[in-house]
Amino acid sequence: MTSAVEAFESGGVIAYPTEAVFGLGCDPDNEQAVQKLLAIKQRPIEKGLILLASNYSQFLPYIDDSKIPQDKRFAVLSRWPDGITQVLPCLPSTPAWLTGKFSTLAVRITSQPDVVALCNKTNKPIVSTSANLSGHPPCKTWQEVEQALAEHLDYVIKGETLGFEQPSTIIDGLTGEIFRS
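Residue numbers in the sequence shown follow the UniProt record's numbering, run continuously in steps of one, and reach 181 at the last position.
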C-alpha cells in the first residue's frame, strides 16, 4: 500500500478495485492530478466525478452536511457502504474539477479493503471513475488495467473487486431519484 499512497500523494493517477470494476483515481485536492485523470479518460470536466471514502467524515471538506435535513440523514447514512453512490449538496468551496457543472457531488463509502486502506492512510477520499478508455468497457481485473492503461498510470493496486455484477447505482441522496441503476 505504501507505493499506492506515494503515487496518490505525489499527484499520480492510480487504478484500484471497487465493488464491481476497477476505478481510476487521484487526490481530489490536486487539480493537476484530476486533469491528468480526465485526459486519460477523455472525459469532459463538466460531467463531474465521484469520490470514494472509507467513512463519512472524509467527505466533510467537500459536501455541505448542513443541507442534509435531519429527517433524511438516517436514509443517507444507512445506504452505505457499497453499491450506492449518492449525489449530495456540495460546499461552495468544492472545486469545479470535482463537481463539473453541478452544485452537488457524487460520493460513496466503500468496504473494498484496498480502497479503505488507501483512504485511511491518506485520511482523504479518492476520486473515482471507471478504469477504461472512452468507448471501451470498464476493466474488471488488474491484469486488464495493465493491458489497457498501464502507460498512463502511476500505480495499479493488484487487488480484487467485491464481485458486484454492475457498477454502483447513482441516486439523489435527498430525494432518492435514481440517475443510474
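Here a beta-carbon is modelled for each residue, glycine too, at the ideal position from N, C-alpha and C.
Check	Outcome
What did DSSP end up calling Gln70 once you bin it into helix, strand or coil?	helix
Under 8 Å: do the stretch 38–48 and the stretch 60–71 share three or more Cβ pairs, one atom per stretch?	no
Name, in chain order, the residues that DSSP records as bridge partners for Phe22.	Pro17
Which partner residues of Tyr155 appear in the DSSP bridge assignment?	Ile14
Hey, would you say Ile50 sits closer than 8 Å to Ile171, going by beta carbons?	no
Apart from the five residues on each side of it in sequence, which residues of its chain come closer than 8 Å, Cβ to Cβ, to His152?	Val13 and Ile40
In chain order, what residues of the same chain have a beta carbon less than 8 Å from the beta carbon of Val76, not counting five sequence neighbours either side?	Ile68, Gln86, Leu88, Gly173 and Leu174
What do you reckon, are the CB atoms on Gly48 and Ala33 nearer than 8 Å?	no
Could you check whether Phe8 and Ala15 sit closer than 8 Å to each other, using their CB atoms as the reference points?	no
Please report the distance separating the alpha-carbon of Asp154 from that of Glu46.	25 Å
Sort out for me which residues DSSP pairs Pro89 with in a bridge.	Thr104
Hey, Pro138 and Ala131: beta-carbon distance below 8 Å or not?	yes
Using C-beta distances below 7 Å, list every residue in its chain close to Arg79, excluding the 5 sequence neighbours before and after it, in chain order.	Gln86
Quick one: using the 10 Å Cβ neighbour count with 16 as the cut-off for buried, is Ala150 buried or exposed?	exposed
Which residues share a DSSP beta bridge with Ile109?	Ala53
Is the Cβ-Cβ distance between Gln112 and Pro17 less than 8 Å?	yes
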